[in-house]
Amino acid sequence: MPQNNDSFKTRWLQSNWPGFDFIIFDCDSTLSTIEGIDELARKKGKFAEVKRMTDAAMDGEVHLQSVYDRRLELLSPTRAEIRELELHYRQTLVPRAAEVIQALQHLKKELFIVSGGLLGAVRPFGEWLGIPARNIRAVDVRYNRLSGAWWDYQQDQWGQRPDEKYLDSEETPLVESHGKAEVIADLLRGRSGRSILVGDGMSDVAAHPVVDLMAGFGGVVARQGVVQAADVFIHCNSLAPVLALALSPAERQRLQATPYRPVLEEGLAFIAQGKVVFNQ
Amino acid sequence: MNFKILITDDVSAQGLAQLDAATDVTYDVVKGLSPAELAQHIKGYHGLIVRSSAKVTAEVLQAADVLKVVGRAGVGVDNIDVSAASEHGVIVMNTPGANTIATAEHTMALLLSLVRNLPQAYVQLKAGQWDRKRFTGTQLYHKTIGIIGMGRIGARVAQRCRGFSMKVITYDPYLSDEVAADLKVTPVTLDELLAQSDFITLHAALTDSTKKIINAEAVAKMKDGVCIINAARGALIDDEALIAGLESGKIAAAALDVFTTEPLPADSPLLKMDNVVVTPHLAASTVEAQRDVGTQIVVQMLDALHEVDFRNAINMPFSDASILHGMQPYLNLAQKLGSLQAQLAESPIEHVEVEIKGEEIEDHIKPITVGILKGILELVLHRTVNYINAPHLAQRHGISVSQTTGLHGPDYPNLLTCRVKLKNGARRTIMATLFNDEEPRIVQIDGWRVDVRPEGHILVTKSHDRPGFIGQVGTMLGAYNINIATWRTGRNEPGGLAISFISVDHEVPAEVINAIRKIDLMETVQTVKL
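Protein chains in written order, with this note's numbering: chain E, 334 to 613; chain L, 2 to 531.
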């Protein structure tokens, strides 16, 4: 935090610590335990091939951009398959994700999801969690309008055939290794307040400069690069610590008389147990 | 041309009056035909108007000789073999708008009857019993209704339910999140709908995937005490599962306007259950809907026969005449593109890839693709191919189709690109554009930039770009008295391989082509007619 030389932990412990206003979540391996594209691949029997590509991208060895289209071309998912992925996200929610989001919204925090996943799955998943669609960014794709039973015009009144296959992905910085920073900076432009980003990947680390705090989440996968580069690293498989980290002491107090008290307590307990490492 | 129309069901007097008023149409009304009888009758008729009773089977369509349009006065087309109609190039149209409101309103009537026991209370009171305790109802307010199928009727029902402050959830795999948001309904999966709904109402078309969508397995997933309403198609519900659910109390009540077998047999168990409200397929039976359905199908059919408009055609890539007319030059160009591909193909075309650019056409890739296929197939099959049967014939002849991107061509305001893959593995990419909305041009063929008007007889040559070549070909054609109209050559580099499009005034005889082929620098010569 450029304006203050005290460590985050020192300030977080102070009674006048103001808390964060904007909480930005990654999706895959952060809100949900799965990597969406890997799951698509598993369904199509191409898991090993795609997993290798994903890992290389997440560990920062290969540029995301080149990997992105190649993976999707290989899988060529249908619209229905991408929608099914949304269900899968819901069924593999990271512990306490829903409660943390509800508690943050109870305190009128503004929440975002910025993901390199597929918008067709991430957006409805985020909306299901209560995050407004306008605050969700992910990669939109175009579908091959000449796939499936394309000549069945009767079934096409909404123009959203489930059997349409992937054609290509939109141009977005999100498919590049450093693209998240650009998208987050865009979202935060014109808003004043402190921001925290919660994510598991190197693309989240790359967005570090545009947020006030980068919290690495290792509940699903702990990547060495992220463990080292994040301001704070969460080692437990629960998002409860995010609530504790994001709130000011006064806000924590306000949760005492609400149903969200247990999840806050749980988060604080994880921090007390040393499951959250403060890097400086 | 004089058109003949066969009508096999009741059509409103207003509809028939429209037919009487048309000067170039004669019609016959013959009711109660079996498919076999219909197959015998259908010859000589250009139009066929049916409601739900006549079955327009593949045999009927096979027997038809000049049939162009089958019109369904109503919505559901499950009595028409649409894919057989498409293969025969016959338009199938319905009148989706005309009874939407009637059906949505009847659905609400059924729903309210269910929750307030109107039919049961009516019967009791008429029998002289003033019983206020037995018929305590439930409120719709803040209850959840699950709508299966969010088409025109589903959307109207949703709107009305929201008027009652109900929570509306819907299952419709074709519905986008954006449209759902506009309709203010929550899209859910079928399982979620079954689990969350206090009321379930069906508004889906009857297809293979929706047949018996409410079966025993689905009933098991429902809330205890759920109510079911069906004013769509009887076969959407598995009767045995429904009856079992009603008997066990899992399903509290049902209101049904449609049945697997209609008329509902007098011994149906459904008629004996107090918690089942039934009406005899009345949903579309309003004065307004009957009038509108009859006139609408007649007017639509006349417009389609006169090729003025094809609205509500369900097996055509466009139904709006304004789109068709605006698109006509592009569709003609698409056909020529297809025809050129087929004429230049050295072995059978196996796969067609299409890419289009340009504001006016970007939303119309399907009609343009059908145009390309029409161009290819008419040449390959030597038969009439139209916008309805082209995709079906392509599929049957093993020609697959896909949309593609990244076939970078020259930068024109609009660009139609078609790449074909041939059986011998070769590929050919041809790009075309329309200048000023009316001037068609072939602008690129494989790597060569050209500028060719696709019409008339054209010699397409590939040759080495050396001095004297054009003169030799010109001399040879002159010797056979063949006049050259235009000559366009595209080359990538001086001295390389060049492609020439030589437009000539007459067909070039085979002997001339053979003579030209022998010219020194010539690689290939093909002749095409566009």
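Even for Gly, the Cβ is constructed at its ideal location relative to N, Cα and C.
Within the 9 Å Cβ cut-off, does residue i reach chain L?
i, result
"E:Ala281", "The question about residue 281 of chain E has no answer, for chain E in this structure spans 334 to 613."
"E:Gly492", "yes"
"E:Met334", "Residue placement at E:Met334 cannot be trusted, given a pLDDT of 41 that sits under 50; what the coordinates show is reported in the next sentence. No, because no Cβ of chain L sits closer than 9 Å to the Cβ of E:Met334."
"E:Arg524", "no"
"E:Arg667", "Here chain E comprises residues numbered 334 to 613, so residue 667 of chain E is not present and cannot be evaluated."
"E:Glu460", "yes"
"E:Arg385", "no"
"E:Arg475", "yes"
"E:Arg416", "yes"
Which of the three DSSP states is assigned to residue i in this structure?
i, result
"L:Val76", "coil"
"L:Leu394", "helix"
"L:Asp447", "coil"
"L:Trp488", "strand"
"L:Ile431", "strand"
"E:Cys569", "coil"
"E:Val383", "helix"
"L:Met2", "coil"
"L:Tyr28", "strand"
"L:Thr171", "strand"
"E:Gln557", "helix"
"L:His89", "coil"
"L:Asn415", "coil"
"E:Tyr486", "helix"
"L:Pro188", "strand"
"L:Thr296", "helix"
What does residue i reach in chain L if we use C-beta pairs closer than 8 Å?
i, result
"E:Leu407", "What E:Leu407 touches in chain L: nothing, since even the nearest Cβ is about 16 Å away."
"E:Leu451", "The premise fails here: E:Leu451 is roughly 13 Å from chain L at the closest Cβ pair, so nothing lies under 8 Å."
"E:Ala431", "Chain L residues near E:Ala431: none, gap ~16 Å exceeds 8 Å."
"E:Leu420", "Thr190"
Would you say residue i lies against chain E (beta-carbon separation less than 9 Å)?
i, result
"L:Lys273", "no"
"L:Ser87", "yes"
"L:Ile8", "no"
"L:Cys419", "no"
"L:His393", "yes"
"L:Thr476", "no"
"L:Ser53", "no"
"L:Val70", "no"
"L:Val386", "no"
Would you give the residue range spanned by the beta strand (DSSP E) that residue i belongs to?
i, result
"L:Met523", "Met523 to Lys530"
"L:Val116", "First-last for L:Val116: Thr101 to Arg117, but that is the alpha helix (DSSP H), not the beta strand (DSSP E)."
"L:Thr24", "From DSSP, L:Thr24 is part of no beta strand (DSSP E); its letter is neither H nor E."
"E:Ala471", "Ile469 to Val472"
"E:Leu444", "Glu443 to Leu451"
"L:Val353", "Ile350 to Lys358"
"E:Phe603", "Per DSSP, E:Phe603 belongs to no beta strand (DSSP E); it is in the alpha helix (DSSP H), Arg594 to Ala605."
"L:Ala499", "Leu498 to Val505"
When we look at the beta-carbon of residue i and count the other beta-carbons within 10 Å, is it buried (16 or more) or exposed?
i, result
"E:Met547", "buried"
"L:Tyr142", "exposed"
"L:Asn515", "exposed"
"L:Pro174", "buried"
"L:Thr476", "exposed"
"L:Leu7", "buried"
"E:Phe355", "buried"
Would you mind telling me which residues of chain E sit closer than 9 Å to residue i, beta carbon to beta carbon, in chain order?
i, result
"L:Lys367", "Arg478, Leu479, Trp483, Trp484, Tyr486 and Asp489"
"L:Thr108", "Going along chain E, no residue has its Cβ under 9 Å from L:Thr108, so there is no contact; the nearest lies around 19 Å."
"L:Ser166", "Residues of chain E passing the Cβ test: none, with the nearest at roughly 22 Å."
"L:Val355", "Leu479"
Going along chain L, which residues have a C-beta under 7 Å from residue i?
i, result
"E:Asp501", "Thr406"
"E:Pro617", "Because chain E in this structure spans residues 334 to 613, residue 617 of chain E falls outside the shown range and cannot be described."
Along chain E, in chain order, which residues have C-beta atoms closer than 7 Å to that of residue i?
i, result
"L:Ile315", "Tyr486 and Gln487"
"L:Thr370", "Leu479"
"L:Val553", "Coverage of chain L is limited to positions 2 through 531, which leaves residue 553 of chain L absent and any answer about it impossible."
Ends of the alpha helix (DSSP H) at residue i?
i, result
"L:Val180", "Asp178 to Leu184"
"L:Met477", "Phe470 to Ala480"
"E:Tyr422", "Arg412 to Gln424"
"L:Leu378", "Ile366 to Leu382"
At a CB-CB cut-off below 8 Å, which residues of chain E make contact with residue i?
i, result
"L:Thr96", "Those do not exist, as L:Thr96 stays about 14 Å from chain E at its closest Cβ, beyond 8 Å."
"L:Pro318", "Trp484 and Tyr486"
For a contact defined as C-beta to C-beta under 9 Å, what are the partners of residue i on chain L?
i, result
"E:Ala413", "Pro174"
Under the criterion of a Cβ to heavy atom distance below 8 Å, does residue i qualify as lining the ligand SAH?
i, result
"L:His409", "The model depicted lacks the ligand SAH and carries no ligand whatsoever."
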